[in-house]
Amino acid sequence: SGAGLMSLLDPWTRAAVWAAGSDAPEQTTVKIGFIPLTDCASVVMASLKGFDKKHGVTIVPSKEASWAAVREKLTNGDLDFSHAL
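Written out as C-alpha coordinates, the structure is:
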(Lines of atoms letter the chains of each structure in order from A and count residues from 1; the text may use other names and numbers.)
(Lines give C-alpha, C1' and ligand atoms only; values in the text may rest on other atoms or scores of the structure.)
Protein backbone atom coordinates (compact mmCIF):
# COMPACT_ATOMS: atom_id res chain seq x y z
CA SER A 1 0.00 0.00 0.00
CA GLY A 2 0.99 3.64 -0.39
CA ALA A 3 1.21 4.19 3.36
CA GLY A 4 3.65 1.30 3.68
CA LEU A 5 5.88 2.76 1.00
CA MET A 6 5.81 6.16 2.68
CA SER A 7 7.18 4.63 5.88
CA LEU A 8 10.36 3.71 3.98
CA LEU A 9 11.14 7.38 3.35
CA ASP A 10 12.89 9.60 5.87
CA PRO A 11 10.65 12.16 7.67
CA TRP A 12 11.91 15.14 5.64
CA THR A 13 11.17 13.44 2.33
CA ARG A 14 7.73 12.37 3.58
CA ALA A 15 6.95 15.95 4.59
CA ALA A 16 7.97 17.25 1.17
CA VAL A 17 5.87 14.65 -0.64
CA TRP A 18 2.74 15.41 1.40
CA ALA A 19 3.25 19.19 1.12
CA ALA A 20 3.43 18.94 -2.66
CA GLY A 21 -0.07 17.44 -2.85
CA SER A 22 -3.25 19.46 -3.11
CA ASP A 23 -6.93 18.89 -2.49
CA ALA A 24 -7.81 21.51 -5.11
CA PRO A 25 -9.24 20.24 -8.40
CA GLU A 26 -6.98 20.45 -11.45
CA GLN A 27 -9.74 22.28 -13.34
CA THR A 28 -12.43 24.46 -11.79
CA THR A 29 -14.71 24.45 -14.84
CA VAL A 30 -15.39 21.31 -16.86
CA LYS A 31 -17.40 21.14 -20.07
CA ILE A 32 -19.23 17.81 -20.33
CA GLY A 33 -20.80 16.74 -23.61
CA PHE A 34 -23.95 14.63 -23.61
CA ILE A 35 -26.68 13.35 -25.88
CA PRO A 36 -30.14 14.41 -24.63
CA LEU A 37 -31.36 10.99 -23.50
CA THR A 38 -32.87 10.05 -20.14
CA ASP A 39 -29.57 8.73 -18.79
CA CYS A 40 -27.91 12.17 -19.10
CA ALA A 41 -29.89 13.31 -16.05
CA SER A 42 -26.94 12.84 -13.68
CA VAL A 43 -24.83 15.40 -15.53
CA VAL A 44 -27.63 17.90 -16.07
CA MET A 45 -29.03 17.68 -12.54
CA ALA A 46 -25.59 17.93 -10.93
CA SER A 47 -25.18 21.23 -12.74
CA LEU A 48 -28.70 22.55 -12.14
CA LYS A 49 -28.79 21.61 -8.45
CA GLY A 50 -25.26 22.85 -7.75
CA PHE A 51 -23.89 19.46 -6.68
CA ASP A 52 -20.71 20.27 -8.58
CA LYS A 53 -19.99 23.29 -6.35
CA LYS A 54 -19.65 20.99 -3.33
CA HIS A 55 -16.50 19.62 -4.94
CA GLY A 56 -15.09 22.96 -6.09
CA VAL A 57 -15.91 22.63 -9.77
CA THR A 58 -18.44 24.06 -12.18
CA ILE A 59 -20.04 21.69 -14.68
CA VAL A 60 -20.94 23.24 -18.02
CA PRO A 61 -23.29 20.78 -19.75
CA SER A 62 -23.02 20.78 -23.54
CA LYS A 63 -25.94 19.18 -25.41
CA GLU A 64 -24.65 17.50 -28.57
CA ALA A 65 -26.54 16.22 -31.62
CA SER A 66 -24.70 12.92 -32.07
CA TRP A 67 -22.03 10.65 -30.63
CA ALA A 68 -19.85 11.56 -33.60
CA ALA A 69 -20.07 15.22 -32.59
CA VAL A 70 -19.13 14.32 -29.02
CA ARG A 71 -16.15 12.32 -30.27
CA GLU A 72 -14.95 15.16 -32.49
CA LYS A 73 -15.28 17.77 -29.74
CA LEU A 74 -13.42 15.54 -27.27
CA THR A 75 -10.68 14.98 -29.82
CA ASN A 76 -10.17 18.67 -30.60
CA GLY A 77 -10.44 19.80 -26.97
CA ASP A 78 -13.82 21.56 -27.10
CA LEU A 79 -15.07 19.18 -24.38
CA ASP A 80 -13.27 18.08 -21.24
CA PHE A 81 -15.42 14.99 -20.66
CA SER A 82 -18.46 13.25 -22.04
CA HIS A 83 -21.29 11.25 -20.61
CA ALA A 84 -21.43 7.84 -22.25
CA LEU A 85 -23.83 4.93 -22.19
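If you read the sequence shown in the numbering used here, its first letter stands for residue 1, the second for the next number, and so on. For each residue, glycine too, the CB sits at the ideal point set by N, CA and C. Predicted model, so just to flag it, every value in this text is computed and none were measured.
Identify, in the order they occur along the chain, each residue of the same chain with its Cβ nearer than 7 angstroms to the Cβ of residue i, setting aside the five sequence neighbours on each side.
i	result
A65	none
Within 10 angstroms of its Cβ, does residue i collect 16 or more other Cβ (buried), or is it exposed?
i	result
S83	With the sequence shown as reference, residue 83 is identified as His, and Ser is not the correct amino acid for it. With 16 or more Cβ atoms within 10 Å of its Cβ, H83 is classed as buried.
F34	buried
S62	buried
L85	exposed
Identify, in the order they occur along the chain, each residue of the same chain with its Cβ nearer than 8 angstroms to the Cβ of residue i, setting aside the five sequence neighbours on each side.
i	result
A24	G56
S1	Low per-residue confidence applies at S1: pLDDT is 47, beneath 50, and the placement is therefore not dependable, though the value from the model is reported in the following sentence. Contacts found: none.
A46	D52 and I59
N76	none
Got a sec, what are the start and stop residues for the alpha helix (DSSP H) residue i sits in?
i	result
V57	That residue, V57, is in no alpha helix (DSSP H); it is neither H nor E in DSSP.
Starting from residue i, follow its DSSP beta bridges and name the residues at the other end.
i	result
P25	Per DSSP, none; premise fails for P25.
F81	I32
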